[in-house]
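Chains as they are written, first to last, in my numbering: chain Z, 1 to 318; chain C, 1001 to 1291; chain A, 2001 to 2406.
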Amino acid sequence: MITRAKIISVVLLLGLGAVPLASGNEYVLNMCCMLFLYITLSQSWNILGGYAGQVNVGQAAFFGVGALATRLLWTAGVPLYVSIGAGGLASVLLAVIIGLPALRLKGHYFAIGTLAVAWIARITVGNVLPGISFLPTRQMATYSLVPRYYIFFAVMMGALLTIYFVVNSRTGLGMEATRDDEDAAQTAGVDIFKYKVIAFLISSFFAGLAGACFGYFHASYYWHLPFSLMWCFEPILIVFIGGVGTFAGPIAGSVCYVLLKEAFALTLGEMNVLIFGIVFILTILFFPKGIIGLPSTLREFFRKGRRPTLAAGAADDR
Amino acid sequence: MEFAQFLTYGIINGSIYGLVAIGLALIMGIMGIFNIAQGSLAMIAAYGSFFLFRYAGLDPFLSLVFTIPALFVIGIFSYRTMFSFMSRFSPHQKLRNSLLVSFGLVLILENAATILWTANERTVTVSYSGKVLALGALRVPYIGLGAVALAVLVIFGLHLFLTRTTFGKSIWAIAQDEDSAALMGINVQRRTLIAFGLGVALAAVAGAIISLHTVSPTVGLDWTNKALILVVLAGVGSINGIFFSGLLLGLVEALSVYLVGVHYTGVVGLVIFLLVLMFRPQGLFGKKAGV
Amino acid sequence: MKAKKCAVFAVITLVAFLLFSVTPLFAQSAAPKTIKIGASIALTGSFAAGGNDVANGYKVALKHINDEGGIMVKEFNRKIPIELVIYDDESDPSKTVTRLEKLNGDKVVAYLGEFGSDMNIAGLAIAEKNKIPWVGVTISVENAFNQGFKYTFAPNMFSYMEVAAFYNALDSIPKDQRPKKIANFELQVDWGKECSKYLNQYAKERGYTVAVEQKYAPDTKDFSSLILAAKSAGCDAAFSVPTPPQSMALIKQMKELDYAPKATCFIRGPDLSNYWDVMGKDANYIMCAGEWTADMPYPGNKKLVADYKAMFPNRLLGMPVGNGYSAFQVLADAIAKAPKLDRESIRQALTTVDVMTVKGRVTFDKRGIGNVPWVLAQWQNGKMEIVTAPDFKPAPVLLAPPWTKR
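Rendered as structure tokens:
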């Protein structure tokens, strides 16, 4: 069915696809790459954390493994697409080894358990590879942001399409049932473990691909950079602020987070992060449903004439 | 004798971990508020201890008299402005909102500290810094002894407070079932406010010890991560368990030098943590009924 | 419904962003109003201490040059003031890349470096890719300059120079008191490993022994096994490149364990100008990088110190300040010598630069590594003294007595 939403989406996609051709500005390409990266990474977190309800605080391990595998292979001469695919697969492999046992844990335990995994990865990589990954001369000489833009774009679209179809299918229903009430779901015959596993594998695959793009993107960086624990926290924040468990949440959250931070950094000097923190808290206090919930929150505000409180927040238990 | 020396440092470091985690055990473990600003609040207290030492010559163990109430006030203020609105939320809602708000708080605290006091590294060096109690060849630093003593006092003190006093017991009651507690005549709002203030005040104790180590605006997050590990290792909701789990972690890290290099002791600690979770998914002292 | 709202929202934001970032193009035949130089610096985050020092060092140099009307640009035969654009990268290398791309779009003619290898590494590769000359400050990793890059220059002491300066300092001690057994605490970062390599290589050549080698990581807080190993092996000298907090914690633990080697050299950490202030007497006898100190007898230092104190009354005069000032001087000199005010000419001019700065004479080798004075400093009774230097008579190295005798 041809809806207005679909037309706008197609136009948007074509527009985004044309950006590198229209604008040679490296800064714009760079920002778009970062935006696509954050959208991919946060959406990958969303499928496990938002839809399946398993709050994973160790996404950096999967992101990092993807980056590591891709960078090692690609700088050694393995063709690019193979390297990137390998990045995604390496991350899935990690999910199978670590993630499946981890799924036995619940709630806080799962969250901090995954954080521990990411922390172990960070320390280990920092010790085993304490140096810098430079691009070989040939790849440095031919470095261009244009193919990088398209690869980030393709990975992002792959993630969005896959996750869109999954969450709108029976599988998605199963995940949400798992999230909303595990015991009730189990009683109703839902195989909650299966849905958790599927969500975990999809999540790690796209986190790994995002990492793979990261490994392809940077001209030179310290090997441990993609394992930094900030890659654990930022996707969670973005999804929560955008609207957890919604498809558009990570997209809206990423756009606001990345662009707002950029605008502040360019204009506010050393106060920029402080002011961002203040704005961040004010947003949460006044828009508890996240950015996606903005229109309805504003509607309620104007209708009822007061700040949205428990009624708004408690009503949608997501 | 080397072994005994490592053991000693293991106990000291474990106590320090416990001190950082105890406030979080109350706020997160019992009240269900995911406060990742705990370490950053300890950082603020550490700066307080540093400046009180620098300008008033007050020993950090003594200036607790000022920093604990100060952080209690900060805690009350923070709760009132930033956390109280989520008191009636479901656990999942609470987790999400408290995570977000406390993250914003981290950004504010770190950057306010950077702007006000510069990001230069600070440390408190008292007259007895580096001095030890010599037991034969074993050297037990006085500051370390102080840290262990504080940890014992604070952790077991909190446990006693929560289990023996009416106020403390009401906090448990609120955590179990807020509506019933309210029906019993407990002023839920006020008690929660004070409990949160208490949890933040406990960060001041950690802050004093941190100031004797090193402090800069960004030390908070690393301490918070350690505290999170400890709260879960002990079992969410456990108070006494924090002390023993801290000890376990500290000892594992210290003695792992026999197995791996110093640069991997952190990994060994975390691996042991994960192994514990594999065999006891509810933590060492947690209740079996999950979160 | 939600998808539509999201799409509309995203379209609006993207369009706004594109408009915001498009830079107008117009031919420049007349002289530009300013010489635009850009830097991405960690003003917030874990490297903010050194970052702000570097930024402030640049600002003092900027003021000095602009007070005289700017740089005399050959191409237009007039003085043009410099415009320094600094963006905060929050101690995040990915953001460094983004900021430098923005500066590229802002049409800067050169980049200046920042404090912190993590970010500098990302930055210098972008400079190479964008073909914009990059003058580094506080970067010591030799590996970065073995990549064949043409646009990167760093007027700094690198790992092998720091180690050589350490041995110079040891050599200057009378033979009968000279420490011979070195304990190497190797920080697990590339800089630490490079220093290790040279420490061992030069030890053989110069008649010392590295008796103990222990690894530790940037997040290590308990150094007891390192210290006890060094102590039991009888090492009378210790070398490392700890992080600033570790440079404090290590000394404190060495005191607890009663380990006092005659010579302790922590290249990084004790060079913080507030080190003595916070460590007290325990900081005595510690050697550190002396790359720039406020009383170096090079021209321009007195003015730098005076104006810095006036401009930034609440800030300490850290080592990165002088390094920043010096890097700015080098770049300014190259711009003045360049036949044209464009990136390529400036790059070319940098290769042949030969200028006296606040930390000594600077030229560059083929790799872009600076030929700078190799200097080491030592805390002596509250003052940071230079103990080895090529251009002037340094203070003698003081040997540390046991803890109980201090």
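Yeah, the Cβ is synthetic: ideal placement off N, Cα and C, and Gly gets one too.
{"Item": "Which whole-angstrom value is the C-beta distance of R2214 of chain A and A2203 of chain A, which I expect to be below 8 angstroms?", "Value": "Note that residue 2214 of chain A is Gln in the sequence shown here, rather than Arg. Incorrect: roughly 16 angstroms between the Cβ atoms, too far for contact."}
{"Item": "Compare the C-alpha of M34 of chain Z against each of Z:I192, Z:P235, Z:G107 and Z:F134 and name the closest.", "Value": "Z:P235"}
{"Item": "Would you kindly report the start and end of the unbroken beta strand (DSSP E) that includes M1001 of chain C?", "Value": "Note, M1001 of chain C: premise wrong, no beta strand (DSSP E); not H, not E."}
{"Item": "Should the stretch 2363 to 2371 of chain A be regarded as contacting the stretch 2263 to 2277 of chain A, the criterion being three or more beta carbon pairs within less than 8 angstroms?", "Value": "no"}
{"Item": "What would DSSP say about V2351 of chain A, mapped onto helix, strand or coil?", "Value": "The sequence given here places Thr at residue 2351 of chain A; Val does not occur at that position. Residue state, collapsed to three classes: helix."}
{"Item": "Go ahead and pull the three-state DSSP assignment for L13 of chain Z.", "Value": "helix"}
{"Item": "Would you call the stretch 35 to 53 of chain Z and the stretch 254 to 270 of chain Z touching, i.e. three or more CB-CB distances under 8 angstroms?", "Value": "yes"}
{"Item": "Report the residue from C:Y1055, C:L1116, C:V1140 and C:G1039 whose alpha carbon sits nearest the alpha carbon of L1071 of chain C.", "Value": "C:G1039"}
{"Item": "Flag H1159 of chain C as yes if its beta-carbon sits less than 8 angstroms from any beta-carbon of chain Z, otherwise no.", "Value": "no"}
{"Item": "From which residue to which residue does the beta strand (DSSP E) around E2083 of chain A run?", "Value": "I2082 to D2088"}
{"Item": "Just verifying my parser: in three-state terms, what is the DSSP assignment at Y2259 of chain A?", "Value": "coil"}
{"Item": "Quick check: the Cα distance between F2328 of chain A and G2136 of chain A, rounded to an integer number of angstroms?", "Value": "10 angstroms"}
{"Item": "When the cut-off is 8 angstroms and only beta carbons count, does A22 of chain Z lie next to chain C?", "Value": "no"}
{"Item": "Using the Cα positions of K2107 of chain A and G2057 of chain A, report the straight-line distance between them to the nearest angstrom.", "Value": "23 angstroms"}
{"Item": "Using the beta-carbon of each residue, which ones in chain Z are nearer than 7 angstroms to T2152 of chain A?", "Value": "Those within 7 angstroms of T2152 of chain A in chain Z number zero; the least Cβ separation is about 11 angstroms."}
{"Item": "Drop a sphere of 10 angstroms on the beta-carbon of G251 of chain Z, count the other beta-carbons inside from all chains shown, and report buried for 16 or more, exposed for fewer.", "Value": "Here residue 251 of chain Z is Ile; the residue named in the question, Gly, does not match the sequence. Answer is buried; the Cβ neighbour count reaches 16."}
{"Item": "How is the alpha helix (DSSP H) around T40 of chain Z delimited, first residue to last?", "Value": "E26 to N46"}
{"Item": "Rounded to a whole number of angstroms, what is the C-alpha to C-alpha distance between A2169 of chain A and N2146 of chain A?", "Value": "27 angstroms"}
{"Item": "Report whether the distance from the Cβ of F152 of chain Z to the nearest heavy atom of the ligand FMN is below 7 angstroms.", "Value": "This structure does not include the ligand FMN; it has no bound ligands of any sort."}
{"Item": "State the Cα-Cα distance for the pair T2293 of chain A and K2302 of chain A, rounded to the nearest angstrom.", "Value": "11 angstroms"}
{"Item": "I think L1109 of chain C touches M1043 of chain C, with their Cβ atoms under 8 angstroms apart; what is that distance to the nearest whole Å?", "Value": "7 angstroms"}
{"Item": "Helix, strand or coil for Q2147 of chain A? Go by DSSP, reduced to three states.", "Value": "coil"}
{"Item": "Please state whether the Cβ-Cβ distance between G1235 of chain C and G1269 of chain C is less than 8 angstroms.", "Value": "no"}
{"Item": "Just tell me which of Z:R303, Z:A60 and Z:Y81 has its CA closest to the CA of T70 of chain Z.", "Value": "Z:Y81"}
{"Item": "Check whether the Cβ atoms of I151 of chain Z and Y221 of chain Z sit closer than 8 angstroms, and answer yes or no.", "Value": "no"}
{"Item": "If you measure between the beta carbons of F240 of chain Z and R1096 of chain C, is that distance less than 8 angstroms?", "Value": "yes"}
{"Item": "Nearest chain C C-beta to S2225 of chain A closer than 8 angstroms, yes or no?", "Value": "yes"}
{"Item": "Counting only Cβ pairs nearer than 9 angstroms, list the residues of chain A close to D1177 of chain C.", "Value": "Those do not exist, as D1177 of chain C stays about 36 angstroms from chain A at its closest Cβ, beyond 9 angstroms."}
{"Item": "What are the partner residues of T246 of chain Z, as DSSP defines its beta bridges?", "Value": "Bridge partners of T246 of chain Z: none, in fact."}
{"Item": "Just by C-beta distance, which residues in the stretch 2030 to 2048 of chain A are closer than 7 angstroms to chain Z?", "Value": "L2043 and T2044"}
{"Item": "Tell me whether the beta-carbon of A1137 of chain C lies closer than 8 angstroms to the beta-carbon of M1001 of chain C.", "Value": "yes"}
{"Item": "DSSP beta-bridge partners for C2288 of chain A?", "Value": "A:A2377"}
{"Item": "Which of the three DSSP states, helix, strand or coil, is assigned to V2387 of chain A?", "Value": "strand"}
{"Item": "Just to confirm the assignment, what range does the alpha helix (DSSP H) spanning E2213 of chain A have?", "Value": "E2213 of chain A -> not in any alpha helix (DSSP H); beta strand (DSSP E) instead, spanning T2209 to Y2216."}
{"Item": "Please work out which residues of its chain come closer than 6 angstroms, Cβ to Cβ, to S2240 of chain A, disregarding the five sequence neighbours upstream and downstream, and give them in chain order.", "Value": "F2185 and F2266"}
{"Item": "Considering only the alpha carbon of each residue, which of A:E2128, A:S2172 and A:K2231 lies closest to R2206 of chain A?", "Value": "A:S2172"}
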